[in-house]
Structure formats: C-alpha cells, structure tokens
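A short write-up of the structure that comes next.
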Amino acid sequence: MTVYANSDVPVNWERFLAQRTQNMRSSAIRELLKVTQDPSVISFAGGLPAPELFPVREIEEACNFLLREEPDRALQYSATEGYPPLREYLAESMAKYGIPHSAENILITTGSQQALDLMGKVFVDPGTPILTGRPTYLGAIQAWRAYQARFLTVPLDENGMQVEQVEAVIKQETPRFVYVLPNFHNPAGTTLSEERRRLLVELARKYDLIILEDDPYGALRYEGQDLSPIAAMAPERTIYLGTFSKILAPGLRIGWIVAPAEIITRLVQAKQGADLHTSTFDQMVANDVAQRGILKMHIKRLRRSYKERRDVMLDALVELWPEGSHWTRPHGGLFLWAQVPAGVDTQALFHTALKHKVAYVPGVNFYPDGDGGHQAMRLNFSNAKPDMIVEGVRRLGDALKNELAQ
Ligand SMILES: Cc1ncc(COP(=O)(O)O)c(C=O)c1O
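Right, dumping it as structure tokens:
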C-alpha cells in the first residue's frame with residue numbers, strides 16, 4: 003500500500019493556474035439557470051427551445067437507421083472539418099441565402115459556442131480589441147474574456163447595432179474583428195437594417211476590417227422579409243456562424259462556420275487541439291434529419307409556435323406590466339428586451355422575482371463592461387407554453403409593482 007506523506011496538507015490550486023484564468027468567470031446565465039431548476043419557477047431566463055416540440059420520433063428513426071446501416075462510420079473517429087455530406091448540405095443551403103461558398107469553406111463545430119471559442123483562440127492575443135454592440139451575447143463575452151480580449155462597443159437601437167458610430171471607434175483603435183448579430187439579436191431582439199448592413203460592409207472594405215456574423219436565429223422569422231446576410235454581401239471578409247441548436251436540438255451540439263478557405267484551415271488547426279472533431283454520430287443524425295426534409299418542416303412548425311408565444315408575451319406585457327415599462331417587438335428569434343420603470347434595478351429585482359417564482363436575465367450581464375442594462379432584462383418566449391407565459395408575465399408584473407410601491 004502506498005503511503006502519501008502529508009497528504010492532508012491542502013493544495014493551493016490558485017497558485018498553479020494560468021494567468022488568463024483571472025479573466026474567466028462562470029457565465030451568469032448558467033448560475034441563474036441553477037436556481038431555475040425548481041419546476042415551480044417559470045423561467046424566461048435561458049435560450050431554450052420548447053422541449054415538447056423536439057422531433058423525437060424522427061431523431062429516433064435517424065439513430066436506428068444509422069446504427070443499422072452505417073455503424074462502422076457513425077461510431078468511428080472522423081475528420082476535423084466535419085462529415086462531408088453535412089458540409090455539402092450546408093454549403094447548398096448557405097448558397098440559397100446568397101453565401102457563395104462550397105463545402106471546403108465549411109467547418110462543423112461543437113455548437114456555435116465552440117466557434118466563438120475558436121475565434122478567440124485564432125484571433126485574440128491578450129489585450130486584443132474586439133468591436134461589438136452594447137448589449138451583446140453573453141456567451142461571446144465569456145469566450146473572449148478567457149483569451150484576455152478587450153471590448154470596444156457601440157450602442158444598439160431598434161434597428162440593431164448603430165453602425166454609424168463604428169467609424170469614430172475604429173479611427174481611435176482598429177478592432178481585430180467586428181462581432182455582429184444581425185437577425186433577432188440576443189439579447190435585444192433587434193434586426194440590423196438593410197442600410198446598416200450595407201454601411202458595415204462599406205466601412206469594412208474602407209478600413210480593411212473582418213466581420214464575424216453570428217446567426218443562430220435567422221431561420222426563425224415570424225414576420226417581414228429575410229434580409230441579406232452580411233456574408234453574402236462581403237464573403238471575402240466575413241466569417242459566418244450557424245447552428246442546429248435553435249432549429250433542431252441544442253443537445254446535439256452541431257454548429258458550423260462558413261469562411262474563406264485559408265481561415266478555415268486555421269480554425270481546423272485550433273479545433274484539432276480542442277476536440278479532434280465534433281461527434282460523428284450527432285453530425286450524421288443532423289445530416290439525416292436535414293437531408294430527409296424533416297428539418298425544413300420542423301422549422302415551419304417552430305415558426306408557427308414561437309410566433310404565437312411571442313404574441314402571447316407581447317399582449318401579456320401590455321396588459322400586466324406597470325406604466326413606464328417598454329420592450330422590443332422582435333420579428334423573430336427567441337428573445338425580447340424589456341425596460342422596467344425608472345427606479346427599478348433589474349439585478350436587485352431578480353431576487354424578488356424568484357420569490358414570485360419567475361426568472362429572467364438581468365440586462366447588465368450583456369454589457370461587456372457592466373456599464374448599462376440596469377433597467378433592462380432579457381425575456382425568452384420559446385421555452386414556456388402560452389398559458390405559462392401569461393402567468394410568468396403576471397408574476398413579473400406583480401414583482402415590479404411591489405418594487406415600485408416600496
Ligand atoms: C448569439 C448566439 N451565439 C451562439 C450561441 C451558442 O449556440 P450553440 O452553441 O448552442 O450553437 C447562442 C446560444 O444561445 C447564441 O444566442
């Protein structure tokens with residue numbers, strides 16, 4: 003038997019950690035989601051799809067088919083770039099949106115979140131500036147903080163990121179890339195207008211900038227016309243991110259990057275060190291569901307259902323929230339962004355809301371420097387069923403009214 007001398011002396015783990023871990027924090031969303039595990043809490047906090055709409059039977063059929071017909075392939079290691087038929091499929095569907103790339107320009111990732119991390123790994127040195135909107139996607143802030151990025155920001159309005167302000171910022175300092183969420187922004191719910199897309203491309207060409215276009219929600223439009231992706235307008239300088247998380251199932255963890263071939267090569271090198279490749283089996287399942295036309299039908303169903311939930315939430319807000327509140331009216335996606343009356347801090351209100359058995363994400367979490375969003379909150383409308391949405395909005399309205407009365 004081995005006897006370890008002084009094995010009861012505690013190890014000071016902090017002493018051994020890399021310097022970059024000082025910038026790492028656990029995501030506020032994950033921490034918040036922990037408290038919403040309680041089934042009596044109605045959660046508008048996560049970005050979760052409706053679980054009862056998952057195409058379970060179709061996915062089961064795909065699994066059975068693959069295990070019967072192609073087990074040697076489905077359960078084996080595979081190429082870092084991704085499963086070739088899935089890359090082909092995605093190249094074709096991207097071409098329909100006007101993105102002129104082929105399968106070689108596509109890298110399958112373990113969710114878009116991995117793509118954001120790979121962007122950090124490949125482009126960000128300590129202190130590297132990245133330009134983004136204010137507010138912006140929390141998961142991107144988290145991913146790039148770990149690489150010690152700095153954030154340059156411009157504010158958003160109802161037409162998305164105020165691209166008119168970009169030029170003033172880049173004259174001061176050149177960002178390594180510009181991060182945009184043009185469709186149904188997380189968290190703001192806004193859509194970047196056609197004019198602003200054009201202006202961004204113009205500026206990018208004038209100042210030789212590269213653009214990261216993150217588009218998990220583009221297929222989930224409930225009204226209005228599709229706008230051109232930035233990757234279609236400037237394919238030479240845009241890296242586009244897509245994902246199956248919101249249109250099929252986030253548990254599969256399948257996303258993709260579309261980019262010029264030379265940068266795909268770099269991202270592939272970065273991915274090799276991270277996970278060799280995204281799950282072969284999951285890629286083949288996603289491919290099967292997509293190729294059989296099930297995905298397309300499923301997206302139609304999601305659009306109908308989420309549109310209804312969005313409308314239910316908008317109506318309930320009008321009816322049940324106190325005067326002085328207002329909110330965005332998203333044309334798609336999963337979120338709206340609500341402003342509460344003056345005097346209420348949404349971070350402080352969160353605890354009151356939990357007592358009322360309802361949860362949301364306080365706005366401050368979406369500001370890279372924590373310098374805004376104190377009167378704002380992100381509300382998700384895809385996860386709860388319509389009657390629960392009304393009840394949750396009522397509970398939040400009551401929490402707000404209580405807070406205002408004090
Ligand atoms: C804007 C944005 N980017 C990326 C992601 C990550 O998605 P996933 O890793 O599930 O593909 C999300 C998830 O909510 C998101 O909203």
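Following our numbering, the numbering of the sequence shown begins with 3 at its first residue and continues without gaps. Even for Gly, the Cβ is constructed at its ideal location relative to N, Cα and C.
Starting from Y209, follow the alpha helix (DSSP H) in both directions and report where the run begins and ends.
The residue labelled residue 209 in the question sits at position 207 within the sequence shown. Where Y209 is concerned, the enclosing alpha helix (DSSP H) stretches over E196 to Y209.
Helix, strand or coil at R27 according to DSSP, with G and I counted as helix
Translated into the one-based positions of the sequence shown, residue 27 becomes position 25. Reduced to three states, the DSSP call for R27 is coil.
From which residue to which residue does the alpha helix (DSSP H) around W146 run?
On the sequence shown, residue 146 is found 144 positions in, with the first residue counted as 1. Counting along the chain, the alpha helix (DSSP H) containing W146 begins and ends at L140 to R147.
Does the pairing of the region 356-366 with the region 176-183 give three or more beta-carbon distances under 8 Å?
no
Cβ-heavy atom distance between Y219 and ligand 1 below 8 Å?
Residue 219 sits at position 217 when you count from the first residue of the sequence shown. Answer for Y219: yes, Cβ within range of ligand 1.
Ligand 1 site residues, beta-carbon cut 5 Å against heavy atoms:
G49, G113, S114, Q115, Y139, N188, D216, P218, T245, S247, P252 and G257
Would you report the Cα separation of L351 and P343, rounded to the nearest angstrom?
For the purposes of this step, residue 351 is identified with residue 349 of the sequence shown, where counting begins at 1. For the purposes of this step, residue 343 is identified with residue 341 of the sequence shown, where counting begins at 1. Computed Cα separation, rounded: 12 Å.
Helix, strand or coil: how does DSSP classify P189 here?
Position 187 of the sequence shown, counting from 1, holds the residue named residue 189. Correct three-state label for P189: coil.
Does the region 386-406 come close enough to the region 166-178 that 3 or more CB-CB pairs lie under 8 Å?
no
When DSSP labels each residue in this structure, what does Y369 get in the three-state scheme?
Within the sequence shown, the letter at position 367 stands for residue 369. If DSSP states are grouped into helix, strand and coil, Y369 belongs with coil.
Who are the Cβ neighbours of H279 in its own chain at under 6 Å, not counting the five residues just before and after it?
The residue you call residue 279 lines up with position 277 of the sequence shown. So the list reads S80 and T82, once near-sequence residues are dropped.
Sequence-distant residues of the same chain with beta carbon closer than 8 Å to A97, five excluded per side:
Counted from its first residue, the sequence shown places residue 97 at position 95. So the qualifying residues of the chain are H103.
CB contact flag (L109, M286, <9 Å):
Here residue 109 is taken as the residue at index 107 of the sequence shown, counted from 1. Here residue 286 is taken as the residue at index 284 of the sequence shown, counted from 1. Taking 9 Å as the Cβ cut-off, L109 and M286 do not qualify as a contacting pair.
Residues bridged to W258 (per DSSP):
Mapped onto the sequence shown, residue 258 falls at position 256. DSSP, once it has assigned bridges, lists I110 and G244 as partnering W258.
At least three beta-carbon pairs within less than 8 Å, the region 189-209 to the region 334-341
By the C-beta criterion, the region 189-209 is judged to be in contact with the region 334-341, since at least 3 inter-stretch pairs fall below 8 Å.
With three or more beta-carbon pairs closer than 8 Å as the criterion, would you say the region 263-277 touches the region 127-135?
At 8 Å Cβ cutoff, the stretches do not touch.
Output the boundary residues of the beta strand (DSSP E) element that contains E215.
Here residue 215 refers to the residue found at position 213 of the sequence shown. I213 to D216 is the span of the beta strand (DSSP E), which, as asked, contains E215.
Ignoring anything shorter than 4 residues, give me the alpha helix (DSSP H) runs that lie fully in the region 325-368, in order along the chain.
348-357
Would you check if the distance between the CB atom of D216 and the CB atom of S95 is smaller than 9 Å?
To locate residue 216, count along the sequence shown from 1; it is residue 214. To locate residue 95, count along the sequence shown from 1; it is residue 93. No, they are not a contact pair.
Tell me whether L322 sits in a helix, a strand or coil according to DSSP, three-state version.
By 1-based counting over the sequence shown, the position of residue 322 is 320. Helix.
Going by DSSP in three states, F56 sits in which element: helix, strand or coil?
As a first step, residue 56 is located in the sequence shown; it is residue number 54 there, counting from the start. Coil, per DSSP.
T155 - containing beta strand (DSSP E), residue span:
For the purposes of this step, residue 155 is taken as residue 153 along the sequence shown, with counting starting at 1. Run containing T155: R152 to D159, per the beta strand (DSSP E) assignment.
With DSSP run on the structure shown, which of helix, strand or coil describes V180?
Position 178 of the sequence shown, counted from the first residue, corresponds to residue 180. Looking at V180 - three-state DSSP - the assignment turns out to be strand.
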